[in-house]
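Per my numbering, the very first residue in the sequence shown carries number 28; after that it's consecutive. From the three backbone atoms N, C-alpha and C, an ideal C-beta is built for every residue, glycine too. Notes follow once the structure below has been shown.
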Amino acid sequence: MQATRLTLICHARTAAQKLARFPRDEPLELDWQAQALSRAGDFKRSIRVLCGPELRTRQSAQLFSAEHEVQDALRDCDFGAWQGLRIDELQEREPEALQAWLRDPQLAPPGGESLAQLCQRVSQWLEVMAQRPGHWLAVTHPFVIRAVLVQVLQAPLASFNQIDIEPLSRLDLSHAGRWRLRLPGPPTPSR
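What follows is the structure, given as structure tokens:
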């Protein structure tokens, strides 16, 4: 059985993240592009790169490889009518709805996707990736990476909002019969 290695990278920072706003399809902040580019050197050029369909993931993936495969399963959570709203705006407008959504992973924003639905989508994607041996790099979103962690660790959905994913964060997984979390070892000393 050939193993699958999967490295997930959170896209570089956007204005929506900086402003604590539910994202739209916005570009990366320019000052983060150089930092992302410096991290891209950590990966072999032979690695195959996947990304979500949004501009921010495609721009981030471009920093790792000129050729990348867009996968719909890596798209961000659909925040429906809340897309583009700041968290504090939503807290003022619909405090009960926001609190209910934060407490219950089965609830979705109006016209959007619940955390349970997101985790199911990610679980199905992980099953497909388990059948694709080799080393893959997937550039995606904080919510997708949280969903991956919940699935791999078989954690309760209630733990979803206990995970913080920073821009350009990295999560390493391997699959040889089942998904396992891989913590990076110490840096290799330079000679």
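Check whether the Cβ atoms of residue i and residue j sit closer than 8 angstroms, and answer yes or no.
i: residue 186; j: residue 177; result: yes
i: residue 108; j: residue 80; result: no
i: residue 162; j: residue 87; result: no
i: residue 133; j: residue 124; result: no
i: residue 90; j: residue 54; result: no
i: residue 168; j: residue 84; result: yes
Going straight from the alpha carbon of residue i to that of residue j, what length do you get?
i: residue 147; j: residue 195; result: 24 angstroms
i: residue 110; j: residue 102; result: 14 angstroms
i: residue 96; j: residue 131; result: 33 angstroms
i: residue 140; j: residue 104; result: 6 angstroms
i: residue 171; j: residue 190; result: 11 angstroms
i: residue 50; j: residue 202; result: 31 angstroms
i: residue 138; j: residue 145; result: 14 angstroms
i: residue 222; j: residue 182; result: Any question about residue 222 goes unanswered here, given that the chain covers just 28 to 218.
i: residue 99; j: residue 206; result: 21 angstroms
Once DSSP output is grouped into helix, strand and coil, what is the label at residue i?
i: residue 104; result: coil
i: residue 75; result: strand
i: residue 142; result: helix
i: residue 114; result: helix
i: residue 99; result: helix
i: residue 201; result: strand
How close, in whole Å, do the beta carbons of residue i and residue j come, if the pair is a contact with beta carbons under 8 angstroms?
i: residue 34; j: residue 197; result: 6 angstroms
i: residue 30; j: residue 211; result: Not confirmed; about 17 angstroms, so no contact.
i: residue 165; j: residue 78; result: 7 angstroms
i: residue 48; j: residue 129; result: Contact flag wrong, Cβ pair sits at about 16 angstroms.
Taking the runs of the beta strand (DSSP E) that are 3 residues or longer, which of them lie wholly in the segment 125–181? 161–167
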